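Chains as they are written, first to last, in this note's numbering: chain Y, 6 to 359; chain W, 384 to 703.
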């Protein structure tokens with residue numbers, strides 16, 4: 006099979022996540038945005054639920070969500086990796102887990118998006134086609150020498166969201182591989198090799214609540230075939246995927262440049278859909294962290310979200326607003342959102358029209 | 384967590400390996416492929432023993448890269464509570480059963496420079512899957528396998544044929560014993576040790592290794608405990624607001640399930656921690672048999688593991 010050179014699906018946007026920031030959400034993408042607040046106030050919780058197929062058209066419809074930003078996000082990932090190859094690392098004993106993940110992504114993509122991806126297997130001789138990225142690869146499963154790079158890097162250069170792989174031993178989880186180019190201010194190079202409690206150490210308030218002990222116990226018992234998911238969120242100025250500590254000097258100062266006139270366009274809510282999946286051959290756990298960005302201007306087009314987001318931001322404790330990086334602009338954000346909060350009640354759940 | 388990942392299967396083979404051990408093969412009822420698994424994983428087999436629901440965990444012993452079916456071996460225990468006897472006498476080819484998705488509490492540490500495997504009796508089963516996986520991955524390993532005699536040395540012949548001098552048998556009746564001190568002394572730095580077998584053997588291997596300075600993180604063991612039999616007792620559930628009677632040959636977990644309580648579990652053998660339960664009130668003695676709770680928790684009587692623990696006394700209230 007040869008690749009169709011002219012393949013270009015208008016579904017995929019051509020946009021940038023840095024510099025001129027041409028990233029936008031289409032009305033379709035706004036409609037399906039995963040607004041993460043089911044209630045008017047927010048506090049930490051383990052808030053896990055089974056990762057099962059959800060509403061058609063929603064980000065939960067598929068096992069892995071491939072959306073209109075796919076091609077541009079993968080281009081952005083390649084750009085970040087070129088500047089800093091340490092954003093992708095895998096300790097030697099995690100190679101098997103990398104193959105596990107490669108198999109999972111190739112199988113799910115080709116089953117759920119046959120118009121874009123195909124995987125054919127003849128024993129361990131596999132043939133993978135990724136039409137949006139123009140990739141046609143024949144290789145031998147579990148034989149690294151037949152791929153242009155390690156299996157983990159190979160497949161995570163073709164899947165939206167960051168990925169970490171956790172090895173399980175000594176009743177703990179150890180983050181020992183990762184592809185991290187769209188993170189909310191944390192660093193793989195710093196965290197690699199740490200255990201569950203070590204890499205959660207900077208999170209305020211949650212330790213006292215015993216959240217991490219409960220979450221770890223839950224994850225150690227995570228069963229194959231029963232993945233779970235949760236949301237996390239933070240705020241980012243401009244639709245910048247790569248908010249890494251390594252580049253803080255480049256993006257941090259942008260927080261000081263906000264004005265009441267630009268805040269609706271530039272301030273983005275950043276939502277992470279985090280899934281946790283037990284992998285079969287390695288017994289490792291993969292943690293895909295899928296990032297969705299929406300500007301305040303787009304967010305307030307949904308009246309329920311606008312009202313609720315105002316109330317959520319108002320009740321977030323200062324420790325959390327600091328940790329999530331928007332304490333400085335919190336008053337300006339509240340002024341902006343207040344205009345859209347008419348005091349009406351909001352319905353439970355986060356779907357915009359329910 | 385309980386019951387959320389069950390697989391309907393058909394028994395396709397029941398093989399009498401020797402006078403004590405039978406091997407069972409399961410394939411999916413819908414004809415699909417089995418989920419992949421990692422060496423050391425177990426599955427919980429659900430049995431309907433004439434209306435009594437029994438759930439026992441057994442290590443998967445087939446090749447993890449073979450998704451066509453799962454195999455387990457069951458050693459008949461005449462004095463147990465009946466699960467192994469049911470497997471031996473009640474399970475026939477063609478029968479439909481339900482098993483759980485694999486869970487691994489005895490995983491390989493793939494950082495190891497070499498894997499030293501020590502098996503006693505039926506404790507060989509997780510190693511059969513692990514060796515298949517290590518062989519495929521090209522990792523270094525060595526098996527030391529102690530059995531009562533040649534007749535009961537299940538799988539020894541196949542393993543020698545497959546792995547040659549990487550497999551070392553020891554027959555108790557021929558007065559052969561593992562020279563553990565020498566074996567441990569001669570391992571290369573970075574070796575990980577895995578032991579599975581009777582309680583006494585596990586204790587002996589782990590304590591010897593610890594005394595010789597092996598790092599804790601390099602020592603791995605697995606022992607599923609059969610829930611012990613004992614005196615009947617009552618347990619009050621503070622959330623469900625009911626009292627459950629636990630019979631002499633029933634585990635507390637089984638009694639809770641029979642009463643319609645959806646209690647969490649994974650291994651049902653005191654090892655995984657999943658069923659850990661808070662104790663709200665206790666007048667009497669908790670008989671802890673698990674590997675999970677700390678000595679402090681046991682002394683404080685603050686928690687209990689309903690899968691294996693029993694109770695003797697006036698009143699026990701747990702948070703469930």
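Built from N, CA and C at the ideal position, the CB exists for glycine as well. Since this is a predicted model, take the numbers as computed values, not measurements.
Its Cα nearest to that of residue 509(W), the residue 606(W) stands out among 606(W), 410(W), 464(W). Interface criterion not met: the Cβ of residue 513(W) is under 8 Å from no Cβ in chain Y. A residue is called buried once 16 or more other Cβ atoms fall within 10 Å of its Cβ, and residue 270(Y), having fewer, is exposed.
Judged by DSSP secondary structure, residue 19(Y) falls outside any alpha helix (DSSP H); it is assigned neither H nor E. Taking all protein chains shown into account, residue 398(W) has fewer than 16 neighbouring C-beta atoms within 10 Å of its C-beta and is therefore exposed. With respect to residue 345(Y), residue 313(Y) sits apart: the two C-beta atoms are not nearer than 8 Å. Beta bridge pairing from DSSP links residue 200(Y) with 179(Y). Under the three-state reduction of DSSP, residue 295(Y) is assigned to strand. At a cut-off of 8 Å, the C-beta of residue 690(W) has no neighbouring C-beta in chain Y. The C-beta distance from residue 182(Y) to residue 94(Y) rounds to 7 Å, short enough to fall under 8 Å.
Taken in chain order, the complete alpha helix (DSSP H) segments of 4 residues or longer contained in the segment 576-622 of chain W are 582-594. Around the beta carbon of residue 548(W), fewer than 16 other beta carbons lie within 10 angstroms, which makes this residue exposed. Under the criterion of beta carbons closer than 8 Å, residue 660(W) and residue 625(W) do not qualify as touching, at roughly 15 Å. The residue among 436(W), 405(W), 596(W) with its C-alpha nearest the C-alpha of residue 396(W) is 405(W).
Pairing residue 157(Y) with residue 147(Y) gives a Cβ-Cβ distance that is not under 8 Å. In the assembly as shown, residue 202(Y) is an exposed residue. Its beta-carbon has fewer than 16 other beta-carbons within 10 Å.
By the rule that beta-carbons nearer than 8 Å mark a contact, residue 286(Y) touches chain W. With respect to the 8 Å criterion, residue 90(Y) and residue 276(Y) are not classified as neighbours on the basis of their beta carbons. Look at residue 441(W) here: in three-state DSSP terms it is strand. Taken through DSSP and simplified to helix, strand or coil, residue 394(W) comes out as strand. Residue-level contact by beta carbon fails for residue 221(Y) and chain W, as no gap is shorter than 8 Å. In the DSSP assignment, residue 270(Y) falls outside any beta strand (DSSP E) and lies within the alpha helix (DSSP H) extending over 268-271. Distance from the CA atom of residue 634(W) to the CA atom of residue 560(W), rounded to whole angstroms, is 35 Å.
Within chain Y, 285, 286, 287, 288 have C-beta atoms less than 8 Å from the C-beta of residue 421(W), given in sequence order. Under a 10 Å Cβ-count criterion, residue 17(Y) is classified as buried, with 16 or more other Cβ atoms of the shown protein chains found around its own Cβ. Annotation for residue 471(W): the continuous alpha helix (DSSP H) segment containing it runs 466-473. Proximity of residue 94(Y) to chain W, defined by a Cβ-Cβ separation below 8 Å, is not satisfied.
For residue 103(Y), the enclosing alpha helix (DSSP H) begins and ends at 100-117. Within the same chain, and ignoring the five residues on either side of residue 355(Y) in sequence, the residues whose Cβ sits closer than 7 Å to its Cβ are 40, 41, 42, 43. A residue is called buried once 16 or more other Cβ atoms fall within 10 Å of its Cβ, and residue 564(W), having fewer, is exposed. For residue 139(Y), no pairing in a beta bridge is given by DSSP. Residues of chain Y whose Cβ lies closer than 8 Å to the Cβ of residue 411(W) do not exist, since the nearest Cβ in that chain is about 12 Å away. With respect to the C-alpha of residue 391(W), the residue from 413(W), 402(W), 408(W) having the closest C-alpha is 413(W). By the 16-neighbour rule on beta-carbons within 10 angstroms, residue 409(W) is buried. In the DSSP assignment, residue 497(W) falls within the beta strand (DSSP E) that extends over 497-503. With fewer than 16 other beta carbons inside 10 angstroms of its own, residue 97(Y) counts as exposed.
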